[in-house]
Amino acid sequence: MTGALTFRAVRLALHGLGGYRTVQTVEDAAECLLNHWPTHKGRVYDAACEIILGALNGQYTAEAARAALITAADEATIEIIE
Numbered sequence: 014m015t016g017a018l019t020f021r022a023v024r025l026a027l028h029g030l031g032g033y034r035t036v037q038t039v040e041d042a043a044e045c046l047l048n049h050w051p052t053h054k055g056r057v058y059d060a061a062c063e064i065i066l067g068a069l070n071g072q073y074t075a076e077a078a079r080a081a082l083i084t085a086a087d088e089a090t091i092e093i094i095e
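In our numbering, the protein residues as written are 14 to 95.
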């Protein structure tokens with residue numbers, strides 16, 4: 014894992030996982046969004062997927078991925094602790 018793919022940790026309340034999940038890398042954000050998100054639809058979710066997967070390919074920064082994750086969590090009414 015490179016420093017370029019890390020960001021300030023975000024804690025999300027994903028109840029299907031038994032509580033809170035801490036996300037602090039672009040890889041974690043992609044895995045969380047694709048495998049543990051309560052819904053896989055919506056314009057904001059799609060945009061977050063595009064930005065986070067794009068960050069893995071160097072098209073976006075890790076901070077852009079973090080912001081997209083937070084926006085998607087807000088849309089999905091997931092509690093966020095920054």
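Cβ atoms here follow ideal geometry from the backbone N, Cα and C, with glycine treated the same way.
Excluding sequence positions up to five before and after L46, its CB lies within less than 8 Å of the CB of Y58, A61, C62, I65, L82 and A85, all in the same chain and listed in chain order.
For Y58, the enclosing alpha helix (DSSP H) covers residues R56 to L69.
Just measuring C-alpha positions, the residue of Y33, G32 and V39 sitting nearest G71 is V39. In summary, A42 is buried, with 16 or more beta-carbon neighbours lying within 10 Å of its beta-carbon over all protein chains present. Short of 7 Å from the beta carbon of G55, and not among the five residues preceding or following it, lie these beta carbons of its own chain, in chain order: E88. Using a 10 angstroms sphere on the CB of A17, the tally of other CB atoms stays under 16, which defines it as exposed. For A43, the enclosing alpha helix (DSSP H) has its first and last residue at V39 to N48.
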